[in-house]
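**Student:**
2 protein chains.
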Amino acid sequence: MKTFFDCLPCLIRQTLDSVRSTTDDEQTQESILRDVLKELAEMDFQQPPAAMAQAIHRRIRKTTGNLDPYVEKKRRLNDMALKLYPVFARRIEQSANPLELAARLAIAGNVMDLGVKSNLDEAEMIAEIDDCLTTPLDADNVAEFAQAIDEAENILYLTDNSGEIVFDRLLMERLPREKLTAAVRGAPIINDATIEDAEYIRLAEVARVIDNGSDSPGTILDDCSEAFRHHFERADLIIAKGQGNYETLAGSPYPIFFLLRIKCSVIARDLNLPVGTVVLTHSPHAVA
Amino acid sequence: MKTFFDCLPCLIRQTLDSVRSTTDDEQTQESILRDVLKELAEMDFQQPPAAMAQAIHRRIRKTTGNLDPYVEKKRRLNDMALKLYPVFARRIEQSANPLELAARLAIAGNVMDLGVKSNLDEAEMIAEIDDCLTTPLDADNVAEFAQAIDEAENILYLTDNSGEIVFDRLLMERLPREKLTAAVRGAPIINDATIEDAEYIRLAEVARVIDNGSDSPGTILDDCSEAFRHHFERADLIIAKGQGNYETLAGSPYPIFFLLRIKCSVIARDLNLPVGTVVLTHSPHAVA
């Protein structure tokens, strides 16, 4: 997906949120903001917003020398989600349709995106999750998803954010362990999940865990490691979580199920669905 | 008031709204957006946001050749407000405190600001007005406002937006006609009221009407005409409507009462009040 004009104010806001979490020095903040404005003025709008976000956050890290500005926030999100984990694990066990509920919860966890919302408290998170749990998923899509899982030999699960990754784990627990690989980002970018998050929530208990070698908040294949691309190419089912993976992979010729919550008007327009929609959809290559 | 970092995403969003109302040609839109990003990267943040908005909208008018992109929207806002005028005129007549109600309505009308909200329908406007009418104003401030009006020899009323100007007229009807001058902007800028709006709503029936000679969405004195500055300097009571007039005049050494609805976090922080607050406040020079 290309960068739409509407992404520009959002990228500036995201820059501002991020510089503020990274440094209190107003002169550094101003200097980064001015650099990013210049960079946006010259950017190739055919690239996805995640490519621009990658450039912005590289600049912030380079200018401030802080390689992981969100490290504390990520820990807090993981802890918030881990606290909820046993409750939801039990609800899934007791559910008439465990896969569907686990998928909904994984999508609900997608609210933990500090690229879209700079702050998120526990009450807001629980309200968002409740909202997702009362919004039904398209039954046909759920059936196709279940069938794709049954038929797949190699499942690659692309995680999105820290905190959210705990909810991903709940869904991964419904998938065949021996066929499952979970991928995290290759380096810190906003609050996206990295190998540290996977270790913190012990994701290796339910899947083989790899990183994608990239510091983009999405999956830009050309920017990923060869090892990751190897897994990606041989997967016959890719589960892609969140807006960043959607915007970088939508339209690509792979068998992908996208699980996300629509959090901005640009993605809403692209999917022709309202903001807030709980989405389980797939690429044309994902079903026979 | 200086431009805060938080104004930057908002200025980009405003640019985007405005280019979209002005031209359907995406290449022109993109070219203006890139130019504005470059300009923001170099701007003097000590200037108020209204100075930047002025530069942005000059650029849009120059690039598109459209000298008044908001002309139809302004007409529509005036018509919406004129439709409500008789109802509110009657309510003020019947009110126990006509001045206070008229002031509240004038502030309520400040919702008609397309710089903050690109679209506004009648239902939203009526909801906003109702909200303002149930939020009380500070009684001390109202008493000081009434006293300042009683004591003033030369009142200058700085209007803000089209549509809103109809609500300003309701307040002006409570002021002594012979001492009252109403000022509009000197040229079209967003949906700010100009002399055409004043004529359309027959403002001359209740005040002497002048324009300020400037195309800024506020009152940047250095940018105003000498004739306007003459009125401004000799006024012993200035009534300044809206955020644009507030951000350009707050802190200046003049006897000003500010009437506005707080519509953004930057003004909220400056006034130390929450977004949405109905504000009647004054400069230290406005009371004896």
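Protein sequences appear in the order of chains A and B. Numbering-wise, the working numbering puts 200 at position 200 of the first sequence, and it's gapless, one number per residue. Numbering-wise, the working numbering puts 1093 at position 93 of the second sequence, and it's gapless, one number per residue. Where a beta carbon is used, it is the ideal one built from N, C-alpha and C, also for glycine. These numbers were taken from a predicted model, which means no experiment stands behind them.
1. Which of the three DSSP states, helix, strand or coil, is assigned to Ile1262/B?
2. Closer than 8 Å between beta carbons: that is the criterion. Which residues of the region 3-18 of chain A meet it against chain B?
3. Do you know offhand how far Gln1046/B's Cα is from Ile1262/B's?
4. What is the DSSP secondary structure of Asp1211/B, reduced to helix, strand or coil?
5. Would Pro49/A and Thr3/A be called neighbours here (beta carbons separated by less than 8 Å)?
6. Using the Cβ count rule (16 or more neighbours within 10 Å means buried), how would you classify Val1275/B?
7. Please identify the residue among Asn78/A, Cys7/A and Ala146/A whose C-alpha is closest to the C-alpha of Arg202/A.
8. Relative to the C-alpha of Ser283/A, which candidate in Phe258/A, Asn272/A, Ala268/A and Val266/A has its C-alpha closest?
9. Determine the burial state of His1057/B: buried for a count of at least 16 other Cβ atoms within 10 Å of its Cβ, exposed for fewer.
10. For Glu1072/B, count neighbouring Cβ atoms within 10 angstroms of its own Cβ and tell me buried if that reaches 16, exposed if not.
11. Is DSSP giving Phe1005/B helix, strand or coil here?
12. From Glu26/A to Phe1145/B, what does the alpha carbon distance come to, in whole angstroms?
13. Across the region 1091-1098 of chain B and the region 1218-1230 of chain B, are there enough close Cβ pairs to call them in contact, namely three or more that are closer than 8 Å?
14. Below 7 Å CB to CB, which residues in the same chain sit around Gly186/A once its five sequence neighbours on both sides are set aside?
15. Closer than 6 Å by C-beta to Asp1160/B: which residues in its own chain qualify, once you throw out the five before and the five after it? Chain order, please.
16. Pull out every residue of the region 40-72 of chain A whose Cβ sits closer than 8 Å to any Cβ of chain D, in chain order.
17. Under the assumption that Tyr70/A contacts Pro188/A (Cβ atoms under 8 Å), give the Cβ distance between them as a whole number of angstroms.
18. CA-CA distance, Val278/A and Ile190/A?
19. Between which two residues does the beta strand (DSSP E) harbouring Leu299/A extend?
20. Got a sec, what are the start and stop residues for the alpha helix (DSSP H) Tyr1157/B sits in?
21. Quick one: give me the first and last residue of the beta strand (DSSP E) that Ile238/A is part of.
22. Which of the three DSSP states is assigned to Phe257/A in this structure?
23. Does any residue of chain B have a CB that is nearer than 8 Å to the CB of Gln29/A?
24. Which of helix, strand or coil does DSSP assign to Asp1131/B?
25. Under 8 Å Cβ to Cβ from Leu1033/B, same chain only, skipping five residues before and after it: list those, please.
26. Between the C-alpha atoms of Ser162/A and Ser95/A, what's the straight-line distance to the nearest angstrom?
27. So, is Thr134/A buried or exposed, given that buried needs 16 or more other C-beta atoms within 10 angstroms?
28. Taking Pro136/A as the reference, which of Leu105/A, Val166/A, Gly109/A and Ile165/A has the closest Cα?
29. What did DSSP end up calling Ala1106/B once you bin it into helix, strand or coil?
30. For Thr1281/B, write down the residues that DSSP places opposite it in a beta bridge.
31. Which residues bound the alpha helix (DSSP H) around Thr63/A?
32. What does Leu1033/B reach in chain A if we use C-beta pairs closer than 7 Å?
33. Is it buried or exposed for Gly1065/B, if we count other Cβ within 10 angstroms and need 16 for buried?
34. Taking the continuous alpha helix (DSSP H) assigned at Val1184/B, which residues delimit it?
35. Among Gly109/A, Arg234/A and Val142/A, whose alpha-carbon lies nearest the alpha-carbon of Asp130/A?
36. What residue from Ala268/A, Ala286/A and Lys179/A has the CA that sits closest to Ala148/A's CA?
**Tutor:** Short version:
1. coil
2. Phe5, Asp6, Leu8, Pro9, Cys10, Ile12, Arg13 and Leu16
3. 21 Å
4. strand
5. yes
6. exposed
7. Asn78/A
8. Phe258/A
9. buried
10. exposed
11. coil
12. 38 Å
13. no
14. Asp211, Asn212, Gly213, Ser214, Asp215 and Ser225
15. Lys1241 and Gly1242
16. Judged by its chain identifiers, the structure shown contains no chain D, and its protein chains are A and B.
17. 7 Å
18. 23 Å
19. Beyond the ends of chain A as shown, which are 1 and 288, falls residue 299/A; an answer cannot be given.
20. Note, Tyr1157/B: premise wrong, no alpha helix (DSSP H); beta strand (DSSP E) at Ile1155 to Leu1158.
21. Leu237 to Lys241
22. strand
23. yes
24. helix
25. Ile1012, Thr1015, Leu1016 and Val1019
26. 26 Å
27. exposed
28. Leu105/A
29. helix
30. Phe1258/B
31. Pro49 to Thr64
32. Phe5 and Leu8
33. exposed
34. Counting along the chain, Val1184/B falls outside any alpha helix (DSSP H), though it belongs to the beta strand (DSSP E) covering Leu1180 to Val1184.
35. Gly109/A
36. Ala286/A
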